[in-house]
Amino acid sequence: MQKRSGAAHGGGPASRRRFLGLVTAGAAAVGAATVGRAALASEPTVPPRTFLSQADIDRRRLVVARILDTADPAAVAAWITGTGSAPEGVKPEMDAQVDALADAAAADLDADRDAVLVSWVRSAATQRTIWDRKYEFLRTGSGGAGTFGVITDEVRAAYPAQLGSDPQWDPDKDSHRSVWESLTSEGRQIEILRTSTAPGVSRHHLGSDADFFDTTPQDWTDDGPEAANYRWLRANAARHGFLQTYTAESAATAPAISEERWHWSYAPVSEAVLGFVRANEDVIAASLDELWSYDPARFTYLKANWRDYMFHVNETAYFG
Numbered sequence: 049m050q051k052r053s054g055a056a057h058g059g060g061p062a063s064r065r066r067f068l069g070l071v072t073a074g075a076a077a078v079g080a081a082t083v084g085r086a087a088l089a090s091e092p093t094v095p096p097r098t099f100l101s102q103a104d105i106d107r108r109r110l111v112v113a114r115i116l117d118t119a120d121p122a123a124v125a126a127w128i129t130g131t132g133s134a135p136e137g138v139k140p141e142m143d144a145q146v147d148a149l150a151d152a153a154a155a156d157l158d159a160d161r162d163a164v165l166v167s168w169v170r171s172a173a174t175q176r177t178i179w180d181r182k183y184e185f186l187r188t189g190s191g192g193a194g195t196f197g198v199i200t201d202e203v204r205a206a207y208p209a210q211l212g213s214d215p216q217w218d219p220d221k222d223s224h225r226s227v228w229e230s231l232t233s234e235g236r237q238i239e240i241l242r243t244s245t246a247p248g249v250s251r252h253h254l255g256s257d258a259d260f261f262d263t264t265p266q267d268w269t270d271d272g273p274e275a276a277n278y279r280w281l282r283a284n285a286a287r288h289g290f291l292q293t294y295t296a297e298s299a300a301t302a303p304a305i306s307e308e309r310w311h312w313s314y315a316p317v318s319e320a321v322l323g324f325v326r327a328n329e330d331v332i333a334a335s336l337d338e339l340w341s342y343d344p345a346r347f348t349y350l351k352a353n354w355r356d357y358m359f360h361v362n363e364t365a366y367f368g
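If you're matching positions, the sequence shown starts at 49 in this note's numbering and goes up one per residue.
This is the structure:
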């Protein structure tokens with residue numbers, strides 16, 4: 049698969065002028081992003097689209113890019129960083145496509161529709177909760193949610209006795225806790241970022257990206273319980289305009305998020321968003337600084353590397 053790197057890092061005077069609007073509109077709106085179908089009542093419905101090639105996706109991406117370019121830049125930046133809503137006309141299209149893919153999967157695989165779409169829109173406030181409980185290594189019953197992520201090879205090699213062959217971090221295990229407490233803040237961030245993103249840089253803020261079926265990494269191996277579902281997504285998602293965001297190829301680029309076979313992105317929107325971010329990096333960076341100001345120490349590594357985690361992704365749909 050082809051990947052586009054984060055070239056054209058920029059942000060000139062026009063971008064800096066937009067910053068003042070972002071500070072006013074974005075920071076005060078933390079947690080305002082809508083979640084779930086209940087928020088769709090006031091939005092017009094649109095019929096789902098079908099795509100026959102990457103060229104079809106690219107043509108629609110250009111249309112969405114024009115919408116973003118003509119919208120208020122501060123509002124677009126707030127949406128991207130999880131503190132605002134999608135521009136008018138974009139959200140109904142995303143909703144229609146995500147629902148169409150989930151409906152098709154449920155029908156073709158004879159699956160419970162409610163079990164197909166397991167995670168969709170998350171605001172910056174929600175993502176902050178996820179990030180903080182992992183960073184603080186909270187136990188189950190004390191705000192934690194059990195095992196998470198994957199243990200990197202580097203850390204496992206340094207602590208073989210404490211971590212053994214456990215595939216994921218487990219805050220309820222004292223041996224894991226002793227390792228976690230020995231890690232620097234940067235080390236903790238790197239471990240979390242293998243499978244999770246921070247508030248402000250999660251693609252789940254957009255509404256274009258969704259998780260399907262299950263998010264346990266070991267279940268998605270070629271012979272795992274989710275193998276058939278992955279084969280179906282590979283064969284059918286592109287027709288609905290979706291690509292697999294985090295692939296084995298994108299994961300080989302450092303730093304990057306590990307392969308996620310369950311995470312699929314409606315490309316006409318998410319690709320247009322990447323173009324906007326590349327052209328307005330200083331505006332996005334200022335918004336992230338505001339989001340992370342409650343405890344900058346837990347975002348030091350990410351502050352220096354957020355562009356890589358945002359841009360080191362697959363950008364090509366698979367049409368077989």
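Ideal Cβ placement from N, Cα and C applies to all residues, glycine included.
Query	Result
Have a look at E363 and G132 and give me their C-alpha separation to the nearest angstrom.	24 Å
With the cut-off set at 8 Å, would you say R181 and G191 are in Cβ contact?	yes
According to DSSP, is F99 helix, strand or coil?	coil
Identify whether V138 lies in helix, strand or coil by the three-state DSSP scheme.	coil
So, for D271: in the same chain, excluding its five sequence neighbours on each side, which residues have a beta-carbon less than 7 Å away from its beta-carbon?	none
Can you name, in chain order, every residue of its own chain whose Cβ lies under 7 Å from the Cβ of Q2, other than the five neighbours on each side?	In the structure displayed, the chain extends from 49 to 368; residue 2 sits before or after that span and is not available.
Among the candidates S244, T269, A352 and A125, whose CA atom is the shortest distance from the CA of Q175?	S244
Have a look at the DSSP bridge pairing and note the partners of Q292.	W312
Whose C-alpha, out of D259, A172, R287 and V112, is nearest the C-alpha of E274?	D259
How about Y357 and P303: do their beta carbons lie closer than 8 Å?	yes
Just list the alpha helix (DSSP H) runs in the segment 204-282, keeping only unbroken ones of 4 residues or longer that don't cross its boundaries, in chain order.	208-211, 222-230 and 233-241
So if DSSP puts T188 in a beta bridge, which residue, or which two residues, is it bridged to?	G192
Measuring from the CB of L350, is there a heavy atom of the ligand FAD at a distance below 7 Å?	With respect to the ligand FAD, the structure offers nothing, as it holds no ligand at all.
Would you mind giving the Cβ-Cβ distance between V325 and I128, rounded to the nearest angstrom? I have them listed as a contact below 8 Å.	7 Å
Pick from I115, V249 and F99: whose alpha carbon is nearest that of A320?	I115
If I'm right that P215 touches A144 with Cβ under 8 Å, what's the distance once you round it to whole angstroms?	Rounded, the Cβ-Cβ distance is 36 Å, inconsistent with contact.
Closest to W217 by C-alpha separation, out of W228, D156 and A209, would be which residue?	W228
Is it the case that the Cβ atoms of F290 and L322 are separated by a distance below 8 Å?	no
Between which two residues does the beta strand (DSSP E) carrying V166 extend?	L165 to S167
Between the segment 251-266 and the segment 153-172, do three or more beta carbon pairs fall short of 8 Å?	yes
Straight-line CA distance for K351 to D337?	8 Å
Mind checking whether P331 and L254 have CB atoms under 8 Å apart?	The sequence given here has Val at residue 331, not Pro. No.
Alpha carbon to alpha carbon, how far is N284 from Y278?	10 Å
At which residues does the alpha helix (DSSP H) containing S335 begin and terminate?	E329 to L339
Give the DSSP-derived three-state secondary structure of R170 in the structure shown.	coil
Report yes if the CB atom of H288 is closer than 8 Å to the CB atom of A148, and no otherwise.	yes
Helix, strand or coil for A119? Go by DSSP, reduced to three states.	coil
Quick one: grab the DSSP three-state call for A80.	The predicted model places A80 with a pLDDT of 35, which falls under 50 and marks its position as unreliable; any figure quoted below should be read in that light. A80: coil per DSSP, three-state reduction.
What would DSSP say about V146, mapped onto helix, strand or coil?	helix
Flag this pair as yes or no: are the beta carbons of Y349 and E184 separated by less than 8 Å?	no
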